[in-house]
Amino acid sequence: MAETHADPLQDCDLAIVGAGPVGTSLGILAARAGFSVTLIDARLENPVTTRDTRTFAIVRGSWRLLGATGVTGELADVITPLNGLEAEDGGTHWFGAPHVAFSNDDLGGGTGKDALGQMVPAAALQAALDRQTAAAQGLTWLKGARFSGMETGPAGAVITLENGQTLRAGLVAACDGLHSPVRTALGIRTEGRSYGKSVFAADVTLERPHHGIARQLFTPEGPFATLPLPGNRANLAWYMKGGAAEALVKQPKAAIEAELNARFARFAGEMHLDGPPLSYPLVMQVALAMTGPRTALLGDAAHRINPLAGQGLNLGFKDVGALIDVMTEARAAGLDPGSDTVLSRYQQWRRFDSYATAMSMDLIDRTFSNDNPVLKPLRGIALTVANRVGPLRRAMARQASAAQATMPSLMR
Ligand SMILES: Cc1cc2nc3c(=O)[nH]c(=O)nc-3n(C[C@H](O)[C@H](O)[C@H](O)COP(=O)(O)OP(=O)(O)OC[C@H]3O[C@@H](n4cnc5c(N)ncnc54)[C@H](O)[C@@H]3O)c2cc1C
0 MAETHADPLQ
10 DCDLAIVGAG
20 PVGTSLGILA
30 ARAGFSVTLI
40 DARLENPVTT
50 RDTRTFAIVR
60 GSWRLLGATG
70 VTGELADVIT
80 PLNGLEAEDG
90 GTHWFGAPHV
100 AFSNDDLGGG
110 TGKDALGQMV
120 PAAALQAALD
130 RQTAAAQGLT
140 WLKGARFSGM
150 ETGPAGAVIT
160 LENGQTLRAG
170 LVAACDGLHS
180 PVRTALGIRT
190 EGRSYGKSVF
200 AADVTLERPH
210 HGIARQLFTP
220 EGPFATLPLP
230 GNRANLAWYM
240 KGGAAEALVK
250 QPKAAIEAEL
260 NARFARFAGE
270 MHLDGPPLSY
280 PLVMQVALAM
290 TGPRTALLGD
300 AAHRINPLAG
310 QGLNLGFKDV
320 GALIDVMTEA
330 RAAGLDPGSD
340 TVLSRYQQWR
350 RFDSYATAMS
360 MDLIDRTFSN
370 DNPVLKPLRG
380 IALTVANRVG
390 PLRRAMARQA
400 SAAQATMPSL
410 MR
């Protein structure tokens, strides 16, 4: 009989809604672990209509997890090892210009030769994950398929797509981003705020070598960062007031370069645009629960955080690693991976970390992105103390590079 749009799709162990970096990496790893996976995404072809102009800081643990997906080899030509971080306060203080620096030596326990992480262009990462997803055994990828609703019961979840097709799964992974339709369907509430700011992101060429160091200047509007790319290039993340970034990206190249250099040439040297810019609105949003019946929330569906320390996707990769561990342990113990007991272990593991990271990034933004006469001297002192006190600096660097014992097994 010919298949109609209303025919049910094949049952699976895990249905993933959303094929962003979190959904695709989860799909590849779950399929490799022997689970049958269906990946549903609204987008038609890889990767996106407008090219993503961001470059992500991917910390060591996340890079290991990506290694298990098989993408790290094919990204070799476009990544840059991150050898250190420097932050500088753009204000003036009686004790001089405060700044803090981390290097790979601050991670301790190693030779200091390993990079803190890798700078990975977002578009290249998604394209590589898409290729591995398309090749994965045991994974069915439904492109141009839009989630419209779901029902859950003791035997599993039934997902309905916008075209009327249905799909039964033991467990649903909501990897469907900031506006997560799955989270909405389950009635899981969120808290957060819009920052009224956007990030201007574009590649530039620099006149000075960057030595693999990411540099950040704090201004009252927010940070301006140069993130190292291969050769003498860098990716810019420039926080601007709402509307300003959107207006600037529409300007001609010469006008953008003039504005950029007038503001930041003293900090970064002369810069020339090396590709089109785009703007990204800033939002913090945390789901009040990371699980629902037969469902786990991962990535931006669970937590969208202020990207000033480049931690958002790294949190998403920790969610992926934790869910894979929880699912494989449950299967080995003869338990149902979609049961409440198993999902509550996932939530216990991941909820505090994502909430605490979201709140600390928000606190940093509130402290540094203003000209408050009380906070201004304090933030300078905080940066100076962090720079002088070795153990504190190392603890902060370890946190940022995810080199801790509580990591999921794929990240250790
Ligand atoms: C300016 C900026 C810089 C950043 N820099 C960093 C960094 O350096 N390091 C870092 O770790 N993080 C960074 N982040 C955070 C990072 O971008 C996000 O955490 C990450 O992209 C989230 O990925 P995701 O897969 O969870 O969601 P998304 O990439 O949003 O994917 C969601 C997917 O769900 C699909 N979808 C949505 N609705 C439906 C539906 N109804 N049916 C089917 N599919 C659907 C969409 O098509 C999409 O493919 C940055 C963020 C910003 C804004």
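Mapping of the sequence shown onto numbering that gives the first Met the number 0: position 142 corresponds to residue 141, and the numbering continues sequentially without gaps.
Glycine is no exception: its CB is placed at the ideal position from the N, C-alpha and C atoms.
Keep in mind it's a predicted model, so treat the numbers as computed, not measured.
Apart from the 5 residues on each side of it in sequence, glutamate 190 sits with its Cβ closer than 8 Å to the Cβ of Gln284, Val285 and Leu287 in its chain, given in chain order. Your pair threonine 225 and leucine 205 checks out as a contact, with CB atoms roughly 7 Å apart and the cut at 8 Å. Pairing alanine 213 with valine 58, the inter-Cα distance amounts to about 13 Å. Methionine 360 carries a helical assignment under DSSP once its states are collapsed to helix, strand and coil. Per the DSSP secondary-structure output, tryptophan 140 pairs in a beta bridge with Leu38. Counting only runs of 3+ residues, the beta strand (DSSP E) found wholly inside the segment 288-328 occupies 294-296, in chain order.
Here phenylalanine 263 is buried, its C-beta having at least 16 other C-beta atoms within 10 Å.
Taking a contact to require three or more Cβ pairs closer than 8 Å, the segment 323-333 and the segment 16-29 qualify as touching. Closest in alpha carbon position to valine 319, among Leu43, Ser61, Ser35 and Ile39, is Ser61. From the listed residues Ala267, Gly268, Asp273 and Asn234, the smallest Cα separation to lysine 252 is found for Asp273. If you check the CB distance, glycine 33 and threonine 218 do not come in under 8 Å. For proline 180, the distance from the CB to the nearest heavy atom of ligand 1 is below 7 Å. Scanning Gly17, Glu258 and Gly137 for the CA closest to the CA of leucine 297 turns up Gly17.
Just so you know, the alpha carbons of alanine 233 and glutamate 220 end up roughly 21 Å apart. A direct Cα-Cα distance of roughly 7 Å separates alanine 244 from valine 198.
Shown here, glutamine 250 sits in coil according to DSSP, grouped into three states, outside any helix or strand. Given a length threshold of 3 residues, each whole run of the beta strand (DSSP E) inside the segment 219-264 is given here in chain order: 221-228 and 232-240. Remark: the C-beta of alanine 300 is in contact range of ligand 1, defined as less than 7 Å to any heavy atom. Taking the Cα positions, alanine 56 is about 37 Å away from glutamine 9. In this structure, the C-beta of proline 306 approaches ligand 1 to less than 7 Å from one of its heavy atoms.
Glycine 315 has its alpha-carbon roughly 10 Å from the corresponding atom of arginine 349. In the three-state DSSP reduction, threonine 71 falls in the coil class, being neither helix nor strand. For alanine 134, the enclosing alpha helix (DSSP H) has its first and last residue at 121-134.
Under the 10 Å beta carbon count, glycine 333 is surrounded by fewer than 16 other beta carbons and is classified as exposed.
By the neighbour-count definition (other C-beta atoms within 10 Å, threshold 16), alanine 267 is a buried residue.
With a contact defined as Cβ atoms closer than 8 Å, methionine 289 and glutamine 346 qualify at about 5 Å.
Here the C-alpha atom of histidine 271 lies approximately 30 Å from the C-alpha atom of glycine 72. In terms of side-chain proximity, the C-beta atom of glycine 309 is found nearer than 7 Å to a non-hydrogen atom of ligand 1. With fewer than 16 other beta carbons inside 10 angstroms of its own, arginine 265 counts as exposed.
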